[in-house]
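As structure tokens, the structure follows; a few thoughts come after it.
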Amino acid sequence: MWRILVTDEMRLGEVKGVRAQVDYRPGLSRGELLEIIPAYDALITRSRTQVDREVLVRGKRLRVVGRGGVGVDNVDLEAASRLGILVVNVPEANTRSAAELAFGLLLAAARGIADSDRKIREGVWDRKVLGLELRGKTLGILGLGRIGSQVARFAKGFEMRVLAYDPYIPRARAESLGVELVEELEDLLRQSHFLTVHTPLTEETRGMIGRRELYLLPRGAVVVNAARGGIVDEKALLEVLEEGHLFAAGLDVFAEEPPPKDHPLVHHPRVVHTAHLGANTFEAQDRVGEAILDRVLRTLEGDLAYALNTGFDPEALEALRGWLPLGESLGKLLAQITRGRPEVLEVSFFGVFEKNPEPVATAVAKGFLLRVMGSEGVNLVSARPLLKERGVALFTRHTEETQGYSRLVEVRLRTDQEERRARGVVMGGRPRLVGIDDYALEVVPEGYMLVCVNYDRPGVVGQVGTLLGEAGVNIAGMQLGRDVPGGRALFVLAVDEKPAPEVLEALRSLPVLERVDLVEL
Numbered sequence: 002m003w004r005i006l007v008t009d010e011m012r013l014g015e016v017k018g019v020r021a022q023v024d025y026r027p028g029l030s031r032g033e034l035l036e037i038i039p040a041y042d043a044l045i046t047r048s049r050t051q052v053d054r055e056v057l058v059r060g061k062r063l064r065v066v067g068r069g070g071v072g073v074d075n076v077d078l079e080a081a082s083r084l085g086i087l088v089v090n091v092p093e094a095n096t097r098s099a100a101e102l103a104f105g106l107l108l109a110a111a112r113g114i115a116d117s118d119r120k121i122r123e124g125v126w127d128r129k130v131l132g133l134e135l136r137g138k139t140l141g142i143l144g145l146g147r148i149g150s151q152v153a154r155f156a157k158g159f160e161m162r163v164l165a166y167d168p169y170i171p172r173a174r175a176e177s178l179g180v181e182l183v184e185e186l187e188d189l190l191r192q193s194h195f196l197t198v199h200t201p202l203t204e205e206t207r208g209m210i211g212r213r214e215l216y217l218l219p220r221g222a223v224v225v226n227a228a229r230g231g232i233v234d235e236k237a238l239l240e241v242l243e244e245g246h247l248f249a250a251g252l253d254v255f256a257e258e259p260p261p262k263d264h265p266l267v268h269h270p271r272v273v274h275t276a277h278l279g280a281n282t283f284e285a286q287d288r289v290g291e292a293i294l295d296r297v298l299r300t301l302e303g304d305l306a307y308a309l310n311t312g313f314d315p316e317a318l319e320a321l322r323g324w325l326p327l328g329e330s331l332g333k334l335l336a337q338i339t340r341g342r343p344e345v346l347e348v349s350f351f352g353v354f355e356k357n358p359e360p361v362a363t364a365v366a367k368g369f370l371l372r373v374m375g376s377e378g379v380n381l382v383s384a385r386p387l388l389k390e391r392g393v394a395l396f397t398r399h400t401e402e403t404q405g406y407s408r409l410v411e412v413r414l415r416t417d418q419e420e421r422r423a424r425g426v427v428m429g430g431r432p433r434l435v436g437i438d439d440y441a442l443e444v445v446p447e448g449y450m451l452v453c454v455n456y457d458r459p460g461v462v463g464q465v466g467t468l469l470g471e472a473g474v475n476i477a478g479m480q481l482g483r484d485v486p487g488g489r490a491l492f493v494l495a496v497d498e499k500p501a502p503e504v505l506e507a508l509r510s511l512p513v514l515e516r517v518d519l520v521e522l
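To convert a position in the sequence shown, counted from 1, into this note's numbering, add 1.
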């Protein structure tokens, strides 16, 4: 009989057709978990329980870990793979409930439901409240993933025109939904009477909708954020509401949760709120519990259809220990310096590797997606399917030919606008970036870097250094590469802190620089 331990609260389904004992112990402390885990064949959690290497090693009988939800960030996938423990999740269970909540907030904000409800509770019968209809209006969707796509379907049912901005989604997917995909965020904002946000919180998306973006919306627009707090600048949102440019807003998330009691948006009459309830429906909770129990049982019986980490060879992971972080760094780098809609990632391996280096290509995909989607749900297991879902092809090639190093990885990213390359090696167990495009250099890929392209003229680095110095940005190191003297050149500056947007704008306005890209690794 299989023994399954459940350590977080969830609505489990019934065990059918298999001999299994399910022990439901939500709220179990870490000490208690470490003490009893050796007696179990499977562990089921939500996000509270940290399933790290210590827990996995203690679980002498563990064969499966089930995560009830989308991400598996609380599970050490690498350690699980090395120990031969399979990991399963249920990424699709909350899609419908999250999309319905977002659309509910949109409707409530458009009709002033929260404000009217408040007035009635205070004894005020105000029939002068005027709202907005959806029919014939334009809905702008920022992020056309699973949830954004479902919201688009709802909007079409309300006879709305639907636009979407998502630089990582193939045009064919948008067309299948009847959605117009726009190339620039500004184009989306200028046309959207309603804006709803469905993108992860990343460095790229943090503060993405600020004062300037809100004022690009038509006067009287409605803004909904049911994705992650911090994507919409809360201070800017309050200001633009107060100034009368926006009609209303709907918020399920805040940058700080719970928000302070005196948060001005909490008390604003034209803002409707919920307490991060996207997944909180009976049906969604039932789907999560039923699906994760079913998948864990199937996996215990030998069905590997839902296992995330069946492709990992523990010995290969050990042999490629230094190369996996290199691949991730190369993916992150190219995601930040390449403009346009991604189409193809090509990973080339030069030289003879001890083990098949294909997991390094997966790490490249993971690094690329981390800049696109943030950490939620992106890992070495999910990277390739997620990349394919976004219409980006991943190719690999192997050759024993060397490129001046015994082993080297080169990654090319092609978009609809350009192609860029980055090369790296591992020295002393640590990743090294040894080339960008046609330029040779040697940089430790970490922290903040400025990748600058210019024509090889005297004084270029001096002008950049002076500008950064005046802005209080310290340069930690520099590497220069060029094709021929007097030709084009590329140099990389490692800086101690992230330059402010106005500093980057000043750099990009320098006549001596052709291009400046900020990279965070």
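C-beta: ideal position from N, C-alpha, C; glycine also.
Because the structure is a prediction, the values reported are computed rather than measured.
Based on the DSSP secondary-structure assignment, which residues constitute the bridge partners of His274? Here residue 274 refers to the residue found at position 273 of the sequence shown. DSSP output for His274 lists Leu252 as bridge partner(s).
When you compare the region 100-108 with the region 67-78, are there three or more beta-carbon pairs, one atom per stretch, that lie closer than 8 Å? Between the region 100-108 and the region 67-78 there are fewer than three C-beta pairs closer than 8 Å, too few to call the two in contact.
Item to complete: Return helix, strand or coil for Ser177, following the three-state DSSP convention.
Response: Start at 1 with the first residue of the sequence shown, and residue 177 comes out as number 176. Looking at Ser177 - three-state DSSP - the assignment turns out to be helix.
Exercise for review: With distances taken Cα to Cα, identify the nearest neighbour of Leu395 among Arg372, Pro360, Phe155, Gly375.
Suggested key: By 1-based counting over the sequence shown, the position of residue 395 is 394. Closest option to Leu395, Cα to Cα, is Pro360.
* CA-CA distance, Gly125 and Leu238? -> Taking the sequence shown and counting its residues from 1, one reaches residue 125 at position 124. Taking the sequence shown and counting its residues from 1, one reaches residue 238 at position 237. Position check: residue 125 holds Val in this sequence, whereas Gly was assumed. Val125 and Leu238: Cα-Cα distance of roughly 27 Å.
key: Separation of Val345 from Ser407, as counted between CA atoms   = On the sequence shown, position 406 is the one that residue 407 refers to. On the sequence shown, position 344 is the one that residue 345 refers to. Each residue's Cα considered, the two are about 26 Å apart.
Can you check which of these residues, Glu390, Glu79, Asn455, Gln151, is closest to Leu321 by C-alpha distance?
The count along the sequence shown starts at 1 and reaches residue 321 at position 320. Among Glu390, Glu79, Asn455, Gln151, the Cα nearest to that of Leu321 is on Glu79.
Worksheet item: How many Å lie between Ala111 and Gly132 at the Cα?
Response: Position 110 of the sequence shown holds residue 111. Position 131 of the sequence shown holds residue 132. Cα to Cα, Ala111 sits roughly 6 Å from Gly132.
Report back the beta-carbon spacing between Tyr307 and Val89 to the nearest angstrom; my notes put them in contact at under 8 Å.
Sequence index remark: in the sequence shown, residue 307 carries index 306 (1-based). Sequence index remark: in the sequence shown, residue 89 carries index 88 (1-based). Tyr307 to Val89, Cβ: 5 Å. Contact.
### Task
Measure the Cβ-Cβ separation of Gly14 and Glu443 and say whether it is below 8 Å.
Numbered from its first residue, the sequence shown carries residue 14 at position 13. Numbered from its first residue, the sequence shown carries residue 443 at position 442. No. Outside cutoff.
Looking at the structure shown, is Val393 part of a helix, part of a strand, or coil, going by DSSP?
Along the sequence shown, read from residue 1 onward, the residue named residue 393 stands at position 392. Reduced to three states, the DSSP call for Val393 is coil.
Considering Ile293, what are the terminal residues of the alpha helix (DSSP H) in which it resides?
Locating residue 293 in the sequence shown gives position 292, where the first residue counts as 1. That run of the alpha helix (DSSP H) goes 283-301.
- Counting only the same chain and skipping the five closest in sequence on each side, list residues whose C-beta sits under 6 Å from that of Ala490. Translated into positions along the sequence shown, residue 490 becomes position 489. Cβ-Cβ distances below 6 Å link Ala490 to Asn455, Asp457, Arg483 in the same chain, with the five nearest sequence neighbours on each side left out; the list follows chain order.
- Under 8 Å, do Thr339 and Ala362 count as touching if we go by C-beta distance? As a position in the sequence shown, residue 339 is number 338, starting the count at 1. As a position in the sequence shown, residue 362 is number 361, starting the count at 1. Result no, Cβ atoms of Thr339 and Ala362 do not sit closer than 8 Å.
### Query
Between the Cα of Pro168 and the Cα atoms of Tyr216, Val23, Ala336, Arg62, which residue gives the shortest distance?
Taking the sequence shown and counting its residues from 1, the one referred to as residue 168 is at position 167. It is Ala336.
Could you please give me the residues that DSSP links to Met11 through a beta bridge?
-> Taking the sequence shown and counting its residues from 1, the one referred to as residue 11 is at position 10. Looking at the DSSP assignment, Met11 forms no beta bridge with any residue, so it has no partner.
Only counting runs of 3 or more residues, tell me where the beta strand (DSSP E) segments fall wholly within the region 52-76, in order along the chain.
Secondary structure in the region 52-76: the beta strand (DSSP E) runs of 3 residues or longer, each lying completely within the stretch, are 65-68 in chain order.
Three-state class that DSSP yields for Arg170 in the structure shown:
For the purposes of this step, residue 170 is taken as residue 169 along the sequence shown, with counting starting at 1. Note on identity: in this sequence residue 170 is Ile, with Arg being the wrong assignment. Coil.
Original post:
Can you give the beta carbon distance from Leu106 to Val273, rounded, assuming they're within the 8 Å contact cut?
Top reply: Within the sequence shown, residue 106 is the residue found at index 105, counting from 1. Within the sequence shown, residue 273 is the residue found at index 272, counting from 1. Correct: roughly 6 Å between the Cβ atoms.
Exercise. Alpha carbon to alpha carbon, how far is Leu108 from Val224? Give it in angstroms, no decimals.
Key: Position 223 of the sequence shown, counting from 1, holds the residue named residue 224. Position 107 of the sequence shown, counting from 1, holds the residue named residue 108. When rounded, the distance between both Cα atoms is 11 Å.
Quick check on the burial criterion: 16 or more other C-beta atoms within 10 angstroms. Buried or exposed for Gly279? Sequence index remark: in the sequence shown, residue 279 carries index 278 (1-based). When all chains shown are included, Gly279 counts as buried.
Starting from the N-terminal side, write out each stretch of the alpha helix (DSSP H) that is 4 residues or longer and does not extend beyond the region 347-434.
-> For the alpha helix (DSSP H) assignment, the uninterrupted runs of no fewer than 4 residues enclosed by the region 347-434 are, from N- to C-terminal side, 359-374, 384-390.
Quick one, which of Glu401, His246, Ile232 has its alpha-carbon nearest Gly144's? Translated into the one-based positions of the sequence shown, residue 144 becomes position 143. Taking only the C-alpha atoms, the option nearest Gly144 is Ile232.
(message) Looking at Gly323: is its Cβ nearer than 8 Å to the Cβ of Pro432?
(response) Position 322 of the sequence shown holds residue 323. Position 431 of the sequence shown holds residue 432. Taking a C-beta distance under 8 Å as the contact criterion, Gly323 and Pro432 qualify as a contact pair.
From what residue to what residue does the alpha helix (DSSP H) around His122 run? Reading the sequence shown from its first residue, position 121 is the one you call residue 122. Residue 122 is actually Arg in this sequence, not His. Residues 114-122.
- Item | 7 Å Cβ shell around Met11 - same chain, five flanking residues per side excluded | The sequence position of residue 11 within the sequence shown is 10, counting from 1. Excluding positions up to five away in sequence, the list reads Arg47, Gly69, Gln286, Val289, Gly290.
Cβ atoms of Arg271 and Ala250: under 8 Å apart, would you say?
The residue you call residue 250 lines up with position 249 of the sequence shown. The residue you call residue 271 lines up with position 270 of the sequence shown. For Ala250 and Arg271, yes; Cβs fall inside 8 Å.
Straight-line CA distance for Pro201 to Pro459? Mapped onto the sequence shown, residue 201 falls at position 200. Mapped onto the sequence shown, residue 459 falls at position 458. Their Cα atoms are separated by approximately 43 Å.
Considering Phe155, what are the terminal residues of the alpha helix (DSSP H) in which it resides? Translated into positions along the sequence shown, residue 155 becomes position 154. Element bounds for Phe155: 147-158.
Quiz prompt | Neighbourhood of Leu84 by C-beta distance below 8 Å, restricted to the same chain and skipping five residues each side | solution = Counting from one through the sequence shown, the residue named residue 84 turns up at place 83. Excluding the 5 residues flanking it on each side, Leu84 has same chain C-beta neighbours closer than 8 Å at Leu57, Val58, Leu63, Pro315, in chain order.
_Minimum C-alpha distance to Leu325 - residue among Leu414, Tyr216, Gly430_ = The count along the sequence shown starts at 1 and reaches residue 325 at position 324. Of the candidates Leu414, Tyr216, Gly430, the residue whose Cα lies closest to the Cα of Leu325 is Gly430.
Q) Anyone know if the C-beta pair for Val365 and Leu334 falls short of 8 Å? A) Start at 1 with the first residue of the sequence shown, and residue 365 comes out as number 364. Start at 1 with the first residue of the sequence shown, and residue 334 comes out as number 333. The Cβ-Cβ distance between Val365 and Leu334 does not fall below 8 Å.
Inset, instruction - Please say whether Met450 and Val462 have beta carbons closer to each other than 8 Å? - result: Residue numbering aside, residue 462 sits at position 461 when the sequence shown is read from its first letter. Residue numbering aside, residue 450 sits at position 449 when the sequence shown is read from its first letter. In this structure, Met450 does not lie closer than 8 Å to Val462 by Cβ.
Legend entry - Assigned secondary structure, Ala43 (DSSP; H/G/I helix, E/B strand, else coil): Reading the sequence shown from its first residue, position 42 is the one you call residue 43. Here DSSP, grouped into helix, strand and coil, assigns Ala43 to strand.
- Message: Quick check on Glu521: does DSSP put it in helix, strand or coil?
- Response: Counting from 1 along the sequence shown, the entry for residue 521 is found at position 520. Note: Glu521 maps to strand in three-state DSSP.
Report task. Check whether the region 405-424 touches the region 371-390, counting contact only when three or more Cβ pairs, one atom from each stretch, lie closer than 8 Å. Result -> No: fewer than three Cβ pairs fall under 8 Å.
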